[in-house]
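Following numbering that gives the first Met the number 0, the numbering of the sequence shown begins with 0 at its first residue and continues without gaps. Backbone N, C-alpha and C define an ideal beta-carbon position, used for all residues, glycine too.
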Amino acid sequence: MKRFFSLVFVVLGWFAVIMQYILMYNNSELTLAEMTMRFFSYFTILTNIIVATYFTLQLFGNSQKTENSGIITAITIYILVVGLIYQGILRSTWSPVGMQKIVDELLHTIIPFLALLFWIFIANKKNLSYKLIPRWTIYPLLYLAFILIRGNFAGFYPYPFIDAITLSYSKVLTNSFFILIFFILLSVIFIRVGKALNKQ
């Protein structure tokens, strides 16, 4: 079952990421370099690449080796945050059609949902600890720093709630703070649930 799920994530994940790049390329008037940089500026894209890469390694690596519970839990939280923020904040901001709609649903809905199912029913949940949470915040914090620094020079921010041009930096930092709190609370929930499931 674990290898089957890994295969599903590999196929769907890489298809969605590669197709999104093709769609963005076909609809962009930017230079290839700038378009590519913007593509990799989305937390959605980076996190889906992390998911696809992780399960690629699981599929083609040692199938007998138990995955690290801290890593798979962090990845699940990251991709779930992608899905929840999209459903709660960003879905109403546009209405994709055709292949863009399929890719959009894969990146923001189907893959996060499947990742949650994998974590609940299959993933290793041993040795989860609240001490892991500060480590888990490194990726989103580095992402925020990258976006704010690059946005200051390029004038591009991938999400409206961190757009320092439209909003003030204080508002962006406030929004980011609340997202970080949400991430930490979600992490606490995952650890508590993981500990409970591990006892069954």
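Under 7 angstroms, do residue i and residue j count as touching if we go by C-beta distance?
i    : j    : result
A15  : V102 : yes
S68  : K124 : yes
A122 : I71  : yes
F189 : I78  : no
M23  : F38  : yes
G87  : V50  : no
S175 : W135 : no
Y53  : I21  : no
Quick check on the burial criterion: 16 or more other C-beta atoms within 10 angstroms. Buried or exposed for residue i?
i    : result
E33  : exposed
V9   : buried
I146 : buried
L127 : buried
P111 : buried
Y168 : exposed
G193 : buried
E28  : exposed
N151 : exposed
T46  : buried
A114 : buried
Would residue i pass as an interface residue toward chain C - the criterion being a Cβ-Cβ separation below 7 angstroms?
i    : result
V102 : Among the chains in the structure shown there is no chain C, since it carries only a single protein chain.
Do residue i and the ligand ATP come close, with the Cβ less than 6 angstroms from some heavy atom?
i    : result
W135 : In the structure shown, the ligand ATP is absent, as is every other ligand, since no ligand is present at all.
Assuming residue i contacts residue j (C-beta within less than 8 angstroms), just tell me the rounded distance between them.
i    : j    : result
F3   : F117 : F3 to F117, Cβ: 10 angstroms. No contact.
L106 : L58  : With a Cβ gap of about 20 angstroms, L106 and L58 do not count as contacting.
P156 : I164 : As written in the sequence, residue 156 is Tyr, which differs from the Pro given in the question. At roughly 7 angstroms, the Cβ-Cβ gap stays under 8 angstroms, so Y156 and I164 are in contact.
I132 : I183 : 6 angstroms
I161 : V171 : 5 angstroms
* What alpha helix (DSSP H) runs, 4 residues minimum, are completely inside the segment 44–94? -> The qualifying runs are 68–84.
* Within the chosen definition, does the segment 140–154 reach the segment 39–53 through at least 3 CB pairs nearer than 8 angstroms? -> Because the criterion of three Cβ pairs below 8 angstroms is met, the segment 140–154 and the segment 39–53 touch.
* **Minimum length 4: unbroken alpha helix (DSSP H) runs contained in the segment 83–158** => Considered as a whole, the segment 83–158 harbours 97–104, 110–120, 132–135 and 137–153 as its complete alpha helix (DSSP H) runs of no fewer than 4 residues, in chain order.
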